[in-house]
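Just add 38 to wherever you are in the sequence shown, counting from 1, and you've got this note's numbering.
Using N, Cα and C, we set each Cβ at its ideal position, and we do this for glycine too.
No experiment lies behind these values; they were computed from the predicted model shown.
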Amino acid sequence: MTNDLLCLLKEELATLESATEILQHSYEICKQIGVKDQHTFDEMDRFEAFTSRFARLSDILIQKMCRLIDQIDLEDGGSVRDRINRAEKKGLIESADVFAQIRIVRNDIAHEYHTEILKDIYRKVLELTPYLFDSVKRIKGYSKRYFL
């Protein structure tokens, strides 16, 4: 394990913490708003920020943190699904199937504009966000236990 990777891990953990705090803020607001038949423009703006922050944190977790931990553990390579499966085996995430869903929703966020489908995305993001928060705790614990 190189010192460069450990320094990068510390930096990425700080980024992870910041992104988590921002998502937590949006999550609390949107949980109060809830999914409705009609949202005001302000509510839609809040959900837009929330879904964007959800997508960002999911990318940080899957694309950065899990990949970096794989590199440190000398298990680099494979598809996103391979990375998710390894993360489940290491206890970094609760369920590979849930994180596959998170990945699908993350992709939907970037490509969907129809109001009815957006409501479904809002509902899914509200439901899946606690899994991201749980994974953040797991990754921080794993990093402290094995690397820091």
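8 Å Cβ shell around A207 - same chain, five flanking residues per side excluded: It is not possible to answer for residue 207, since the shown part of the chain is limited to 39 through 186.
Measure the Cβ-Cβ separation of M103 and L61 and say whether it is below 9 Å. no
Answer yes if the segment 168–175 comes into contact with the segment 120–137, meaning at least three C-beta pairs across the two stretches below 8 Å, and no otherwise. yes
Rounded Cβ spacing between F137 and I177 (contact assumed at less than 8 Å): 12 Å between Cβ atoms; not a contact.
Exposed or buried, which one is Y184 when buried takes at least 16 other CB atoms within 10 Å? exposed
Minimum C-alpha distance to D187 - residue among T167, L166 and K157: Lying before the first or after the last residue shown, residue 187 is absent from the chain, which here runs from 39 to 186.
State buried or exposed for K48, treating a residue as buried only when at least 16 other CB atoms are found within 10 Å of its CB. exposed
Going by beta carbon distance, what residues of the same chain come within less than 8 Å of T89, once the five residues before and after it are set aside? I147, I159, Y160 and V163
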